[in-house]
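Notes for the one structure printed next.
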Amino acid sequence: MASKPLICRRCIRKLDPRLIPKRLYHEQWIQHKTFADIEWTNRAAEIAQGRRKSMLEIFEERGYVHQIAGGRDELDQLLNNKRVAAYVGVDPTAPSLHVGHLIPFMAIFHMYLHGYGAVTLLGGATAQVGDPTGRTSEREQLDNVERKNNISFMHQQLGAIWQSVERLAVKYGYQKHRYWKRALLNNNVWLNKVPAHEMMKLMGTGLRMGSLSSRDSVKNRMESKDGMSLAEFCYPMFQAWDWWHMYQSIGVQIQIGGADQFGNIITGIEGVKHVAKNHPHQDVRIPPETENWQPMGFTVPLLTTSSGEKFGKSAGNAVWLNREMTTPFDLYAYFLATSDVDVEKYLKLFTFMPMESITDLMALHTPTPEKRLAQHRLAHEFLELAHGPIIAQETADEHTNRAASRREISLSAAMAQVTPTAQHEKPISWSLNKNAPRAMAKNTHAETQEITLDLLSTMTYPALLHHVGLVASRSEGQRLVNNQGAYVAWYKSELDDNLQWRAIRTTKAGSPVKPVVWNGPDSKMGLLIVRVGKWNVKMIRVTREDPSAMTIVDGGLDAEEGQDVGANGTADPTDTIETEKKLNAFSREV
Ligand SMILES: N[C@@H](Cc1ccc(O)cc1)C(=O)O
């Protein structure tokens, strides 16, 4: 019998590396691990020498730490000495995360960027029980379809956010290490399988009724008429079981949660410690001499409105990350409206911008707060995280252009664009929506004309429509008004920046034209916007002095299905938003 040919490992690998995959992987893994361990030890030394900030210091300076469960120094030590993993959980009781949820998630993302393991957990199973924390009544049971729907929406959303984190990590110069670990898990994977008696035996025996029932939410509910179900009472144990499961399987030693989660985190610590110390299997049980084995956690501050109200679904004022629920435009607007007092705090909480960049930005922002530099940056960064860079940029542009169309700024901007010298020369592009190119092609030249306020004040609406060329004669103008087919744009109030369309009523037709929007009370320039039919719009520049100064820009926003006129002569209110959007969009080009 021929003897077995001898061949060395290197040669086998050259022939076909798959022949020794395990070994190959193992070697590589050991290499990475050794490298990662050395790196971690060096890092800990740098922190100890004060040459580098610790993770906890980073959290603290960015404002993520509200309450620590387990002692500040202990948490600091743990984070410095061990590349632990941490998790944040969310119950999919709605199809989307809201802005408030993002604070603990941001903390976990920062950990990921600093080399720790990071787990975002969807509570597919816990959502069925319902966290009683902070609730005055039992959560209504979601039906299965809704629950699954929520899970898949949130799963998708968290997946997309993780992608954004990866992108933003590159943007902010974080070097991705092979040891970076992240996961998006659903607790229905294990909670749906664990036998009730096992959970009770292993963990239930370690949780004390006294501490569980001392919670405010439990006390309040027990005193209430409806009381509290056993399932809800046991909720903290289910959450603690999640932690235990991830603790022993993937080394999740830290839990981060919203401000209301402190009690659940404390129960989790008790539960995990109990199972870890008393597990019947020797391999699972943590030997007493083990260092740095204790689970710890902290809560982040609660996001409140400027008047101190809690934000969220139950409070009914949530700002969602789902584009169908809160448009990117409104999400941006939400951050744009951040007060100057809060903006720095939010930049630290909701962005990955380095602290020095935030300080520089604030130095730029503070002398001219009216430019809202910091708020725009905040909104842009947040949208990049929630919706990606393209939508973030588009929304930022939309806002900038919309701001340019507001009274103070808009009129001068409009005037600059449609000066009489630009007559028949200046291409004006209208960008309304996907159908805009057609409208654009038709309107590559602005039509301009000139008149004054004096003249305008002597004009009736049909005369105006005729004068600006929207109709062929005054009587045609009158007919159109009678048929409620002519509109003026107006602001509902001084404080409201949204333009609204009003049908010109027959009773008003004979009175002088009014709704000129002035560029400030003493301004010499004003703007009047009229529309005929669906999309035939004219913006008219009005001046208070020069009799020949009236400029008309032909909108010609036709070729689109649009607004119907309601029976009462005003525009159908359901179309107002649509119309406003278009108007906002169209004024951006002016
Ligand atoms: N109870 C948490 C969500 C959560 C669920 C499961 C966990 O393991 C952790 C957290 C909340 O309502 O915000």
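In terms of full-length UniProt numbering, the sequence shown is numbered consecutively and its last residue is 590. Think of the CB as a built atom: it goes at the ideal place given N, C-alpha and C, for glycine as much as any other residue.
- Here the distance from the Cβ of G258 to the nearest heavy atom of ligand 1 is below 7 Å.
- Taking 7 Å as the cut-off, the C-beta of L302 does not count as close to any heavy atom of ligand 1.
- Cβ neighbours of I529 within its own chain (closer than 6 Å, five residues either side excluded): A489, M539.
- Within 7 Å of the C-beta of T126 there is at least one heavy atom belonging to ligand 1.
- Secondary structure at Y179: coil, using DSSP grouped into helix, strand and coil.
- In this structure S164 is buried. Its beta-carbon is surrounded by 16 or more other beta-carbon atoms within 10 angstroms.
- In the assembly as shown, G89 is a buried residue. Its beta-carbon has 16 or more other beta-carbons within 10 Å.
- It is roughly 23 Å from the alpha-carbon of G297 to the alpha-carbon of D37.
- In the assembly as shown, R208 is an exposed residue. Its beta-carbon has fewer than 16 other beta-carbons within 10 Å.
- A straight-line Cα-Cα distance of about 18 Å links G123 and A160.
- For the region 130-187, the full-length alpha helix (DSSP H) segments reaching 4 residues or more read 144-171 along the chain.
- Excluding the 5 residues flanking it on each side, W190 has same chain C-beta neighbours closer than 7 Å at H245, in chain order.
- The secondary-structure analysis by DSSP pairs L121 across a beta bridge with G89, L185.
- In the DSSP annotation of this structure, the continuous segment of the beta strand (DSSP E) that includes G526 starts and ends at 525-532.
- At least 8 Å separates the beta-carbon of A374 from that of Q255.
- Between ligand 1 and the CB of G123, the shortest heavy atom gap is smaller than 7 Å.
- Less than 8 Å separates the beta-carbon of V319 from that of V99.
- For S137, the number of other beta carbons within 10 angstroms of its own is below 16, and it is reported as exposed.
- Straight through space, the alpha carbons of M362 and R221 are spaced by roughly 45 Å.
- By the criterion of a C-beta distance shorter than 7 Å, A69 is surrounded in its chain by F262, I265, I266, I269, M296, G297, F298, once the five residues flanking it on both sides are discounted.
- Within its own chain, the residues whose Cβ lies closer than 7 Å to the Cβ of V284, once the five positions on either side in sequence are excluded, are Q248, listed in chain order.
- Burial is judged here by how many other beta carbons sit within 10 angstroms of a residue's own beta carbon; L230 has fewer than 16 and is exposed.
- Using a Cβ distance threshold of 8 Å, L321 and A386 count as a contacting pair.
- In the DSSP annotation of this structure, the continuous segment of the alpha helix (DSSP H) that includes I269 starts and ends at 262-278.
- Each residue's CA atom was taken as its position, placing R372 and N317 some 23 Å apart.
- For the pair H66 and P236, the CB atoms are not nearer than the 8 Å cut-off.
- Around the beta carbon of L303, a 10 Å sphere encloses 16 or more other beta carbons of the protein chains shown; the residue is thus reported as buried.
- Apart from the 5 residues on each side of it in sequence, E394 sits with its Cβ closer than 8 Å to the Cβ of P328 in its chain, given in chain order.
- By the Cβ-count criterion, P280 is exposed, with fewer than 16 other Cβ atoms from all chains shown falling within 10 Å of its own Cβ.
- Following the DSSP letters along the chain, one finds T359 inside the alpha helix (DSSP H) bounded by residues 355-365.
- For Q141, the shortest separation between its Cβ and any heavy atom of ligand 1 does not lie below 7 Å.
- Exclusion of the five residues before and after G533 leaves G485 as the residues of its chain whose Cβ lies within less than 7 Å of its Cβ.
- Relative to ligand 1, W243 has its C-beta within less than 7 Å of a heavy atom.
- The closest heavy atom of ligand 1 lies less than 7 Å from the beta carbon of Q239.
- Apart from sequence neighbours up to five positions away, the residues of its chain that approach A107 with a beta-carbon distance below 7 Å are F59, Y64, I256, V300, ordered along the chain.
- Set against 7 Å, the gap from the CB of G204 to the closest heavy atom of ligand 1 is not smaller.
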